[in-house]
Amino acid sequence: MELNMRTVRYYETVLDTGLTKEESADIIVPDLFPDIMRIVDASGLVAVKEKNAWDARAEVSGVVRAVVLYVPESARGLKKIDVSLPFTHTFENQGITPESKILAKAALLTAEARAVNPRKVQVTVGVQLDVTVYALAEWGLCEDLTDAKAHSAHLLKSAERAFMPVAAQCKEFTVSDELEVPGSRPPVLEILKADARLVTQEVKFIGNKLIFKGSALLRMLYAGPPANQPADEICLWEQEIPYSQILETESLEEGGEAAVDIRLTALDLDLRPGLSGEARLLGVTLQLEAQAVSVAERKLEAVVDVYSTAYDVLPEFRAYQIVRRLDRSTRRQTVRESLETGQPVSSVVDAQITLWPVQHRQEDGTIELSAEALAKVVYLGDDQQFYTLQRHLPVALGWESGGNAQIKATAALAGEVLASGTHDGIELRFAVDFDVTLSENGQFSALGAVSV
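What follows is the structure, encoded as structure tokens:
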């Protein structure tokens with residue numbers, strides 16, 4: 123008797139890890155810039171630039187483009203200093219090969235600046251780097267035996283369902299647009315800082331193509347002409363930029379699904395004067411990378427036992443490790459906090475929320491998720507001076523799960539961050555979406571060889 127084998131190809135996760143890196147640099151204030159009186163804010167954009175795989179190791183490198191905003195000694199308003207902080211990390215695992223697929227994402231957790239003296243700034247950033255490495259693997263699964271009836275053999279078959287990654291791909295693309303600052307807002311004298319929050323809105327398969335649509339919410343803090351005050355007016359402007367892309371898939375099966383993560387690798391703004399001479403036209407170029415993992419729920423049918431009434435049949439069995447998905451859901455938690463400043467707030471200039479990695483705990487059938495949110499608010503006091511308020515806020519979510527499971531959860535901002543000033547503080551509101559996947563590891567044995 124011979125085994126009729128089915129080849130099952132999939133992507134095996136050989137590395138799935140994360141770490142926090144800290145980078146620091148000392149920056150000299152350029153000669154044309156005024157001296158520093160007081161630092162107001164430090165922020166930045168982080169991007170993964172290169173991913174390389176070799177035998178037993180993978181290297182990921184990127185850069186943080188940080189911006190320091192400060193109040194100059196010689197004038198009112200805000201000035202900015204740009205600085206780049208590169209980072210590199212090497213991951214080691216025996217399962218990594220030059221053909222492995224590397225998916226990496228970086229998030230800026232903290233950005234701090236300290237004035238060493240009026241002409242020197244020390245900038246320190248904390249980066250969360252998460253890396254997953256996939257390697258192509260295959261199984262040989264026995265589905266039947268030839269000449270089983272001739273040997274009076276009886277077969278016992280069974281079926282298991284397993285979720286398996288069937289494709290891991292990356293695609294770089296560019297989104298360009300020309301935006302116009304509306305006439306109801308001041309024209310742009312100088313762009314102080316800008317970022318873009320990326321939201322994936324739709325993912326679907328058509329044939330062997332993966333189509334995904336989303337938008338980039340551009341946030342730009344800029345200085346405009348003075349409005350009945352001695353200093354430039356500081357304004358925040360937001361604009362949504364839609365995009366859609368097509369990704370050719372390596373493998374597509376019925377019942378498959380894809381998770382698409384969009385990452386910003388570069389943001390370029392080109393300020394252009396309009397016909398009136400005022401700078402209101404803005405050329406925007408977003409360099410993006412899509413990282414897509416397609417997962418299929420496969421029905422694995424196999425021979426799990428064999429015996430014969432006429433012959434001595436000696437089977438050998440092989441163990442297979444599988445993952446069963448129990449549940450996947452998105453749960454929203456709304457946060458509302460009153461932050462004390464100790465002084466009246468004239469207006470809020472900018473408010474940002476940074477979410478740290480999700481922590482989870484499971485006990486007695488209850489799942490608890492928590493993600494620390496770092497809130498940073500730049501505001502004007504009643505003395506018309508710029509100040510920064512920074513607070514760590516816990517965001518927690520819990521529910522009854524009815525059993526133990528492996529938990530994988532991520533958190534992302536949902537909607538706008540709303541902040542308003544009060545007589546002694548700031549009222550802050552935002553929402554967080556927790557994307558939760560519950561699964562369990564399983565094992566089944568199937569026929570691997572047989573002799574008569």
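For the sequence shown, counting from 1, position 179 maps to 301 in the numbering used here; every step adds exactly one. Heads up, the beta-carbon is just placed ideally off N, CA and C, and yes, glycines get one too. None of these values were measured; they are calculated from a predicted model.
| Query | Result |
| --- | --- |
| Alpha carbon to alpha carbon, how far is serine 222 from glutamate 538? Give it in angstroms, no decimals. | 38 Å |
| In whole angstroms, what is the alpha-carbon distance linking arginine 513 and valine 499? | 9 Å |
| Measuring alpha carbon to alpha carbon, tell me which residue in Ala228, Lys242, Thr219 is nearest glutamate 190. | According to the sequence provided, residue 190 is valine. The question's glutamate does not apply to it. Here the closest residue by C-alpha is Lys242. |
| So is isoleucine 150 buried or exposed if we call it buried at 16+ other beta carbons inside 10 Å? | exposed |
| Since alanine 281 and glutamate 419 are thought to touch, with beta carbons under 8 Å apart, how far apart are those beta carbons, to the nearest angstrom? | No, alanine 281 and glutamate 419 are not in contact; Cβ-Cβ is about 12 Å, not under 8 Å. |
| Look at the alpha carbon of alanine 412 and the alpha carbon of isoleucine 489, and state the distance between them as a whole number of angstroms. | 31 Å |
| Select from Lys143, Lys201, Gln565, Lys271 the residue whose C-alpha is nearest the C-alpha of arginine 440. | Gln565 |
| Classify proline 287: buried if its beta carbon has 16 or more other beta carbons within 10 angstroms, exposed otherwise. | buried |
| Since aspartate 505 and alanine 531 are thought to touch, with beta carbons under 8 Å apart, how far apart are those beta carbons, to the nearest angstrom? | Aspartate 505 to alanine 531, Cβ: 43 Å. No contact. |
| Classify leucine 311 as helix, strand or coil using the three-state DSSP reduction. | coil |
| When burial is assigned at 16 or more other CB atoms within 10 Å of the CB, is threonine 452 buried or exposed? | exposed |
| Taking the beta strand (DSSP E) that histidine 545 falls in, what are its first and last residues? | Segment: none, histidine 545 is in no beta strand (DSSP E) and carries neither H nor E. |
| What does the alpha-carbon distance come out to for the pair lysine 607 and glutamate 265? | Past the edges of the chain, shown from 123 to 574, lies residue 607, and the structure says nothing about it. |
| Do you know offhand how far alanine 237's Cα is from arginine 307's? | 33 Å |
| Among the candidates Asp138, Glu144, Thr296, whose CA atom is the shortest distance from the CA of glutamine 409? | Thr296 |
| According to DSSP, which residues form a beta bridge with glutamine 528? | Ser561 |
| Quick one: any contact between the stretch 135-147 and the stretch 244-256, if contact means 3 or more CB pairs under 8 Å? | yes |
| With burial defined as no fewer than 16 other Cβ atoms inside 10 Å of the residue's Cβ, what is the status of glycine 543: buried or exposed? | buried |
| Give, in chain order, every unbroken run of the beta strand (DSSP E) that is at least 3 residues long and sits entirely within the stretch 276-342. | 312-328 |
| The beta strand (DSSP E) spanning threonine 387 covers which residue range? | 379-395 |
| Pull up the CB-CB distance for valine 168 and leucine 230, whole angstroms please, since I reckon it's below 8 Å. | 4 Å |
| Would you be able to state if there are at least three C-beta pairs under 8 Å between the stretch 202-218 and the stretch 358-368? | no |
| Where do the ends of the beta strand (DSSP E) carrying isoleucine 356 lie? | 355-370 |
| How is the beta strand (DSSP E) around proline 240 delimited, first residue to last? | Neither: proline 240 is in no beta strand (DSSP E) and is coded neither H nor E. |
| My output table needs one value for tryptophan 261: the three-state DSSP class, helix, strand or coil. | strand |
| Any idea if tryptophan 478 is buried or exposed, counting beta-carbon neighbours within 10 angstroms, 16 or more meaning buried? | buried |
| Using only the alpha-carbon positions, how far apart do leucine 267 and cysteine 292 sit? | 40 Å |
| Quick one, which of Ala275, Gln455, Arg454 has its alpha-carbon nearest glutamate 124's? | Ala275 |
| What three-state label does DSSP hand histidine 273 in the structure shown? | coil |
| Under 9 Å between the Cβ atoms of alanine 289 and alanine 414? | yes |
| What would DSSP say about leucine 191, mapped onto helix, strand or coil? | strand |
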